[in-house]
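Worksheet for the structure shown next.
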């Protein structure tokens with residue numbers, strides 16, 4: 030475990046990252062309107078192929094072969110990639126953070142977000158949140174020239190992990206430049222952890238922990254991990270991660286299988302991000318028939334389920350965040366905005382009910 034967060038979030042709201050907008054300024058305004066305490070820079074995959082999760086972090090990675098016209102990417106592990114690896118490690122060893130920048134072409138919402146951080150001022154911001162794809166999901170999504178997942182190539186996997194570390198450090202550096210006194214957290218999004226333990230993923234327990242910990246501990250500060258389905262939550266609580274983001278709308282039962290590990294995780298300063306507001310899952314339209322009251326009841330049901338397993342309810346509430354259960358990038362713009370709005374409003378309702386003047 031790293032130093033962890035400097036405060037108890039007490040059910041503040043934040044978002045996961047992806048949004049369906051094609052106007053970066055509008056996306057940023059939505060974030061700051063509804064989740065101003067922990068704003069997240071918006072990832073906008075509908076704007077460009079380069080803003081998809083894996084492509085977005087590929088700049089500066091050795092062996093990248095990107096064909097935007099065909100919409101394809103792979104990593105080449107041949108001789109050219111080997112020469113690129115040598116140059117890559119020089120940059121990494123020198124801690125040349127700016128070399129690993131995510132350029133505006135790959136993240137059109139990042140600069141507008143930083144501008145709004147400066148305009149709003151840091152006094153009312155509790156935490157700045159950044160995100161990128163995690164090493165397991167990148168390594169299983171992207172293949173080499175032989176169509177083999179790069180996670181299973183020792184040299185390419187190491188380069189992927191180190192690139193992600195530098196991308197995380199670059200985000201922190203830019204956040205610090207915009208708001209020097211505000212803490213930052215970087216989330217590593219790991220949708221492929223849903224497949225851990227299946228016949229299709231040839232990874233053991235220790236390998237997953239090792240790859241994730243290298244990213245968390247190399248990033249220079251508090252980290253989170255997001256997985257929007259069922260996974261081995263006990264495995265994640267064995268890592269040094271600070272925040273675990275899960276789908277509380279549909280999958281609290283799977284988390285509740287690990288009460289002792291949850292208790293230990295919370296005692297060492299860990300935070301659970303309750304993805305209680307539906308977004309992409311179970312369907313993008315699920316949000317339409319819900320109200321703040323029904324979501325409050327669902328959130329309290331999730332907390333109650335964990336409390337029945339022996340976890341102190343007060344500790345859960347103090348160490349909780351409220352979020353959509355996944356990114357909103359697959360939703361329509363109006364429904365995405367409603368999901369984010371509901372996360373903010375639900376947070377206000379929970380904090381007023383359980384924390385009152387302390388909130």
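In our numbering, the protein residues as written are 30 to 388.
Where a beta carbon is used, it is the ideal one built from N, C-alpha and C, also for glycine.
Out of curiosity, what's the CA-to-CA distance linking residue i and residue j?
i: residue 156; j: residue 214; result: 7 Å
i: residue 241; j: residue 272; result: 13 Å
i: residue 352; j: residue 235; result: 29 Å
i: residue 219; j: residue 196; result: 16 Å
i: residue 62; j: residue 160; result: 20 Å
i: residue 366; j: residue 64; result: 11 Å
i: residue 247; j: residue 315; result: 38 Å
i: residue 268; j: residue 250; result: 14 Å
i: residue 30; j: residue 98; result: Any answer about residue 30 is weak, because its pLDDT of 41 lies below 50 and its placement is not dependable; what the coordinates show is given next. The straight-line gap from Cα to Cα measures roughly 43 Å.
i: residue 67; j: residue 191; result: 27 Å
i: residue 40; j: residue 175; result: 46 Å
i: residue 164; j: residue 171; result: 11 Å
i: residue 151; j: residue 133; result: 23 Å
i: residue 211; j: residue 312; result: 35 Å
i: residue 243; j: residue 323; result: 40 Å
Comparing C-alpha positions only, which one of the options sits nearest to residue i?
i: residue 232; options: 89, 208, 261; result: 261
i: residue 319; options: 166, 53, 371, 74; result: 371
i: residue 221; options: 42, 361, 82, 67; result: 82
i: residue 106; options: 291, 253, 177; result: 177
i: residue 373; options: 73, 321, 169; result: 321
i: residue 306; options: 277, 360, 129, 100; result: 277
i: residue 90; options: 264, 140, 104; result: 104
i: residue 124; options: 293, 207, 331, 194; result: 194
i: residue 330; options: 303, 310, 347, 348; result: 303
Classify residue i as buried or exposed, calling it buried when 16 or more other Cβ atoms lie within 10 Å of its own Cβ.
i: residue 122; result: exposed
i: residue 51; result: exposed
i: residue 274; result: buried
i: residue 144; result: exposed
i: residue 229; result: exposed
i: residue 380; result: buried
i: residue 289; result: exposed
i: residue 158; result: buried
i: residue 308; result: buried
At which residue ranges does the segment 319 to 387 contain complete alpha helix (DSSP H) runs of 4 or more residues, listed in the order of the chain? Given a length threshold of 4 residues, each whole run of the alpha helix (DSSP H) inside the segment 319 to 387 is given here in chain order: 321 to 337, 342 to 347, 362 to 383.
Any 3 or more C-beta pairs closer than 8 Å across the segment 179 to 187 and the segment 197 to 207: Three or more Cβ pairs closer than 8 Å define a contact, and the segment 179 to 187 falls short of that threshold against the segment 197 to 207.
Is the segment 353 to 362 close to the segment 43 to 62, with three or more CB pairs under 8 Å? Remark: three or more beta-carbon pairs, one from each stretch, lie closer than 8 Å, so the segment 353 to 362 and the segment 43 to 62 are flagged as touching.
Say whether the segment 331 to 342 touches the segment 281 to 290, bearing in mind that this needs 3 or more beta-carbon pairs closer than 8 Å, one atom from each stretch. The segment 331 to 342 vs the segment 281 to 290: in contact.
Ignoring anything shorter than 4 residues or poking outside the segment 41 to 70, list the alpha helix (DSSP H) runs there in chain order. Secondary structure in the segment 41 to 70: the alpha helix (DSSP H) runs of 4 residues or longer, each lying completely within the stretch, are 53 to 63 in chain order.
Fully enclosed by the segment 247 to 318, which beta strand (DSSP E) runs are 3 residues long or longer? The qualifying runs are 252 to 256, 272 to 275, 300 to 306.
Entirely enclosed beta strand (DSSP E) segments - the segment 143 to 212, minimum 3 residues: As far as the segment 143 to 212 is concerned, its whole beta strand (DSSP E) runs of at least 3 residues are 157 to 162.
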